[in-house]
Structures are given as C-alpha cells and as structure tokens.
Amino acid sequence: MWNEEQMRLYIKENLSEGRYNHSLAVRDTAEKLAKMYSGNIESSRIAGLIHDCAKEMDKKEILDICTKAGMDIDYVLRANPKLLHGAAGAIIARDIMGVQDKEILNAIKYHTTGKKDMNLIEKIIYLADYIEPNRNFQGVDELREATSINLDEALLLSFDKTIEIVIKRGDLIYEKTVEARNYIICNRK
Numbered sequence: 001m002w003n004e005e006q007m008r009l010y011i012k013e014n015l016s017e018g019r020y021n022h023s024l025a026v027r028d029t030a031e032k033l034a035k036m037y038s039g040n041i042e043s044s045r046i047a048g049l050i051h052d053c054a055k056e057m058d059k060k061e062i063l064d065i066c067t068k069a070g071m072d073i074d075y076v077l078r079a080n081p082k083l084l085h086g087a088a089g090a091i092i093a094r095d096i097m098g099v100q101d102k103e104i105l106n107a108i109k110y111h112t113t114g115k116k117d118m119n120l121i122e123k124i125i126y127l128a129d130y131i132e133p134n135r136n137f138q139g140v141d142e143l144r145e146a147t148s149i150n151l152d153e154a155l156l157l158s159f160d161k162t163i164e165i166v167i168k169r170g171d172l173i174y175e176k177t178v179e180a181r182n183y184i185i186c187n188r189k
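Heads up: the sequence shown runs through residues 1 to 189, numbered per full-length UniProt numbering.
So this is what it looks like as structure tokens:
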C-alpha cells in the first residue's frame, strides 16, 4: 500500500486545488472524529484523504471504472454517474494505491450515498466530508454540533438535508440513502 505522502501527491496531481484542499480538510476532520469516537485514526486519515480521488473524472470514465469492476449500476446511478465517484475512488484506492483494508475502501465507496448499518469509519468519513471547515451552507453549524454529540443523529440530519436538496432539484433519490436513513430511525436507542 502507498504511504500517505504518495496518496497526497496523487490527489494533488489529479484534483483541482480546491478539491485537494477539501481532501486535506476531510482527512483532518476524520482524524478528529476518530479520536472523539475511539475510531481507527490511521484508517480514518487515509480514507478522508483519498475519498474524492475520482471526484473530478468525467462521467463516462467513472462509469467505465465501475462497470469494468463488475458493479451493478442501477438506473439512478446511470442517470447520475457522479454518485459513483466514491465507488470509482475505492477501486482506484485498491487497484492503484494498493489499499486492501475493506473498511477504508467501503468508507470511500459510501461517503456520498451512505448505506444502511454503516460502521464507525463509514460514518466518520461521510460526516467529515459533510462538515469539514471549508464547507459553508445553511445548517452546517447545526450539523457540526450534532456530529460532536451523536454520530447517528448527525447522520440522520445529514440524510434529511441531502434528500431535501435532491427533491428540491427534482433529481432521483438514491435508494441506499433512503435505506441508511430508515435504518437509523428503526435502530435508535
């Protein structure tokens, strides 16, 4: 597996300056959340750093990477292939960077859509991507506060916000995001 410096150089070469800075901020936010919630700090840093390594690829390239890897691509993903940048990123992390840790790969894969029954690192990367310090949108401070109190409640809030935005845009809602939201509601303690 590549070391963190090699990964950093890869994303610096393959992402815009803004997306590169976002990736560094997600890495740092993921590290803070891992410390706060007793997660694996190194895995969280790696996943946070490279989570968007495929973000700026064109839609066709993302679809090609995922198709060649044997992914099942439903009609929602075909209509919005940018939702697959996490899956394509996980493939790049595995095949180019040598990442074999399934938790890191899944955290990258699901950082945009979420999924039901997310593990700790998946939650950390999803939320770190949403709340990193450069993010500036209505409700981000509320989400940051929720993240510091309870990851599941923060996830629920983020899924609600995402679904609301998707509905307002008139876009298709991805099934895994709805499943992730419903899972949290059904399993509240």
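We put the CB at the ideal spot given by N, CA and C, even for glycine.
Own chain, CB closer than 8 Å to residue i, minus 5 neighbours either side, in chain order
i           : result
residue 195 : Residue 195 is absent from the model: the chain starts at 1 and stops at 189.
Asn182      : Lys116
His85       : Asp52, Ala54, Lys55, Met57, Ile62 and Thr112
Tyr20       : Ile11 and Lys12
Helix, strand or coil at residue i [DSSP, three-state]
i      : result
Asp160 : helix
Asn182 : helix
Ser148 : helix
Ser43  : helix
Ala69  : coil
Gly170 : coil
Thr29  : helix
Asn3   : coil
Ile125 : helix
Ile62  : helix
Thr177 : helix
Lys55  : coil
Leu15  : coil
C-alpha gap between residue i and residue j, whole angstroms
i      : j      : result
Ala88  : Lys55  : 9 Å
Asp28  : Asn119 : 19 Å
Phe137 : Lys161 : 11 Å
Glu4   : Ile46  : 7 Å
Glu145 : Ala154 : 8 Å
His22  : Arg188 : 31 Å
Glu179 : Asp95  : 29 Å
Val166 : Ile65  : 25 Å
Glu122 : Ala93  : 15 Å
Lys59  : Ala79  : 10 Å
Met36  : Val26  : 15 Å
Leu143 : Gln100 : 31 Å
Below-8 Å beta-carbon distance, residue i vs any chain B residue
i      : result
Thr177 : Given the protein chain composition of this structure (a single chain), no chain B is represented.
Among the options, nearest to residue i - alpha-carbon criterion
i      : options                         : result
Leu15  : Lys32, Ala146 and Leu49         : Leu49
Ile184 : Asn150, Ile165, Lys35 and Ile11 : Asn150
Leu33  : Leu9, Asp52 and Leu127          : Leu127
Glu103 : Tyr10, Met7, Gly39 and Lys168   : Gly39
Assigned exposure category for residue i - 16 Cβ within 10 Å defines buried
i      : result
Asp129 : buried
Pro133 : exposed
Gly18  : exposed
Met7   : buried
Ala69  : exposed
Leu156 : buried
Cβ shell of residue i (< 7 Å), same chain only, five flanking positions each side left out
i      : result
Trp2   : Met97 and Gly98
Val140 : Ile131
Ala30  : Ser44, Arg45, Ala47, Gly48, Ile124, Ile125 and Ala128
Gly170 : none
Phe159 : Gly114, Thr177, Ala180 and Arg181
Met71  : Ala87
Residues near residue i by beta carbon distance below 6 Å, same chain, minus five either side
i      : result
Ala90  : Leu105, Ile108 and Lys109
Leu172 : Val76 and Ala79
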